Amino acid sequence: MMLRIFRLMVVAAFACGLATTGAFAHAFLDRAVPGVGTTVRASPSELELRFTEKVVSAFSGVQIAVLGGRPIAREKPVLDRARPNILHVRLRHALSPGTYVVTWHVVSVDTHRTSGNYKFTVEP
Ligand SMILES: [Cu+2]
Numbered sequence: 003m004m005l006r007i008f009r010l011m012v013v014a015a016f017a018c019g020l021a022t023t024g025a026f027a028h029a030f031l032d033r034a035v036p037g038v039g040t041t042v043r044a045s046p047s048e049l050e051l052r053f054t055e056k057v058v059s060a061f062s063g064v065q066i067a068v069l070g071g072r073p074i075a076r077e078k079p080v081l082d083r084a085r086p087n088i089l090h091v092r093l094r095h096a097l098s099p100g101t102y103v104v105t106w107h108v109v110s111v112d113t114h115r116t117s118g119n120y121k122f123t124v125e126p
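So the sequence shown is residues 3 to 126, counted in the numbering used here.
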């Protein structure tokens, strides 16, 4: 019985290793709202970040700051209930006109960590 369980564990570990060798298994930013590099007319009430893979919200973080300036108050990222590859980040206040930098890091369900950043602008 123990040997059988051990064999199953070895098979599972091996399969996992194979599954994670491809770069496609990592969670990269697929799409964001407001969009990457876009200019929006009004302040968003939240940021939405969609990734290429499901992510683990407990090990993921999203910061937003004025370009070259102070950080903006926001809530912790919340995983979308229906689509676990999407994080929602509520902003505590409306954004003033200007350019903002969003910096993210996520851990995908395959336990790999990825990070990146992008900008968007709120029109005056
Ligand atoms: Cu990965």
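We put the CB at the ideal spot given by N, CA and C, even for glycine. Just so we're clear, the structure is a prediction, and the values are computed from it rather than from any experiment.
- In the three-state DSSP reduction, Ala34 falls in the strand class (E or B).
- Note on geometry: alpha-carbon atoms of Phe30 and Val68 lie some 23 Å from one another.
- Distance from Glu55 to Val35 at the Cβ level is roughly 18 Å; contact not present, criterion being Cβ atoms closer than 8 Å.
- Rounded to whole angstroms, Val64 and His107 show a C-alpha spacing of 7 Å.
- Excluding sequence positions up to five before and after Ser110, its CB lies within less than 8 Å of the CB of Ala27, His28, Ala29, Phe53, Glu55, Lys56, Val57, Val58 and Thr116, all in the same chain and listed in chain order.
- Between the alpha carbons of Asp32 and Gly70 lies a distance of about 25 Å.
- Of the other Cβ atoms in all chains shown, 16 or more fall within 10 Å of the Cβ of Pro79; this residue is therefore buried.
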